[in-house]
Amino acid sequence: MASKQTLSQTNFSGIFSPNDAGEGFKGLVFFLNKSYLGYAITSTPILDLDRLEAFWQTAVAQTEGENPGIQFTISGQQYTHTAEVINTALGITLEARQQYTELANDDTLKKLFLKIGYAGPILEEGTTKWYPTGEMDRKHLRKEWTMIFDVMVKVFSTKSTGWNRIPSYIKKLTHSLVHGYKVNVGALLMAHLQAAIGKKVLIYPRFLMMCINSFCNFNDAAPRLEACSVLKKNTHTLLSSQNLNARIPLCFTQHMVDQVSNPDLPLPSGYDSFTLENETELDPNSVNPHSTPYTQPRPSRLTKAQREALQESRKRSLEADVGGSSVSQEGDTAPSAANKEGSQTEPTMVPPEPTKKRARRTKTTVTQAAVSQQIVVTERDSNTSLDVPSQQVS
704 MASKQTLSQT
714 NFSGIFSPND
724 AGEGFKGLVF
734 FLNKSYLGYA
744 ITSTPILDLD
754 RLEAFWQTAV
764 AQTEGENPGI
774 QFTISGQQYT
784 HTAEVINTAL
794 GITLEARQQY
804 TELANDDTLK
814 KLFLKIGYAG
824 PILEEGTTKW
834 YPTGEMDRKH
844 LRKEWTMIFD
854 VMVKVFSTKS
864 TGWNRIPSYI
874 KKLTHSLVHG
884 YKVNVGALLM
894 AHLQAAIGKK
904 VLIYPRFLMM
914 CINSFCNFND
924 AAPRLEACSV
934 LKKNTHTLLS
944 SQNLNARIPL
954 CFTQHMVDQV
964 SNPDLPLPSG
974 YDSFTLENET
984 ELDPNSVNPH
994 STPYTQPRPS
1004 RLTKAQREAL
1014 QESRKRSLEA
1024 DVGGSSVSQE
1034 GDTAPSAANK
1044 EGSQTEPTMV
1054 PPEPTKKRAR
1064 RTKTTVTQAA
1074 VSQQIVVTER
1084 DSNTSLDVPS
1094 QQVS
């Protein structure tokens, strides 16, 4: 690609055959591949790097009109990339008189996670607020739903790292998937593609290749061909061994149950099912029975908005402390005002503290260095012991 651009590990292809999935996940892979997003999940086009490079180097966003898109040029020929092109390339089509459904809002998503169970912590001290409107952490879900969201994040998000975090738009897309209604995926992806024009990291290489192939025939003799990223198959074994959040009752949507009719590829046993109507009846402000107590997050885990809010809170506290001291009418503090009137003596000079003697340096023996290194390794391992397995490129 161009010198300042990178083809990142993103926009993975899912597992093509349910028989390749781990025990307990075959039915879920069968459902994903049978869904209206199935072709988008499983298609594995060969990437022509020259054509992808030409797309991004010539891409110009078109934001006016009813059908916003991207204009680009390949081999001297100009094309217009639209949401409709994306939907067609990904196999997302509407039947006669059918229309796309609006994306779910936060209240609707809250109800889904109340049904399937989310064991994340309370977000604000002294409240019952548990639903993060931004990214959610999939390690707080049961292993079955962790697997589903792992696929959705790897396949449809713009991420190349941080796979545990579920963006809001992936939650909305997953809601449509598990309840069986179609949303305008092309419009969703187009917004991200337009925002990425001119950026260093190139997103959706697999989907873009599928779209470019619909404009011009694929050239299997192109000099720079590369396989797309594919999810690993061993993730299911790792998830099975961890048995995440098993105390949460297992629930699937009725649409999922209806779609997985193959007795050789069943859903995990012991589940309850619920319809979209059952979900709608819930109060989005209900207390989440699976939430864990509030804990003060580490500063590194705070979002930019949260850090700014914390700094503002501390600033106000300092201002309150200063404002609480006695102040004269002229704005001087009481001691300084009294000193101006001569009613207070000058402060006495306090002699500086004696300089401390420098500690004697000692040589670190080989044994001490080995122990220190062992401590560092132990601490690093303890920090990563809570990571949730994630499907990687094979």
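With positions in the sequence shown counted from 1, the corresponding number in my numbering is that position plus 703.
Beta carbons are placed, not taken as given, at the ideal position from N, Cα and C, and that holds for glycine.
As a beta-bridge residue in DSSP terms, His-784 pairs with Ile-773.
Separation of Phe-733 and Tyr-739 (C-alpha to C-alpha, rounded to the nearest whole angstrom) is 12 Å. In the DSSP annotation of this structure, the continuous segment of the beta strand (DSSP E) that includes Phe-977 starts and ends at 975 to 977. In the DSSP secondary-structure assignment, Ser-716 is bridged to Val-933.
Going by DSSP, Thr-877 is part of the alpha helix (DSSP H) stretching over 871 to 882. The three-state secondary structure of Leu-750, taken from DSSP, is strand. Under the criterion of beta carbons closer than 8 Å, Val-904 and Ser-932 do not qualify as touching, at roughly 14 Å.
Annotation: the continuous alpha helix (DSSP H) that includes Gln-897 extends over 888 to 899. By the Cβ-count criterion, Ala-1008 is exposed, with fewer than 16 other Cβ atoms from all chains shown falling within 10 Å of its own Cβ. For Met-912, the CB contacts under 6 Å within the same chain, skipping 5 residues up- and downstream, are Pro-748 and Leu-750 in chain order. Here Val-763 is bridged, per DSSP, to Gln-774.
Assigned with DSSP and collapsed to three states, Arg-1019 falls in helix. If you draw a 10 Å sphere on the C-beta of Val-990, you find fewer than 16 other C-beta atoms in it, and that means exposed. Counting C-beta pairs with one atom in each stretch, the stretch 824 to 842 and the stretch 995 to 1004 have three or more that are closer than 8 Å, which means they touch. Fewer than three beta-carbon pairs drawn from the stretch 721 to 737 and the stretch 922 to 929 are found closer than 8 Å, and the two stretches are therefore not classed as touching. Judged by beta-carbon spacing, Thr-776 lies beyond the 9 Å limit of Thr-766, meaning their Cβ atoms are not closer than that value. Within the stretch 957 to 1012, the complete beta strand (DSSP E) segments of 3 residues or longer fall at 975 to 977, listed in chain order. Asn-714 sits close to Pro-908, with the two beta carbons spaced by under 9 Å. Residue pairing for Leu-731: DSSP places it in no beta bridge. Annotation for Ile-851: the continuous alpha helix (DSSP H) segment containing it runs 846 to 859.
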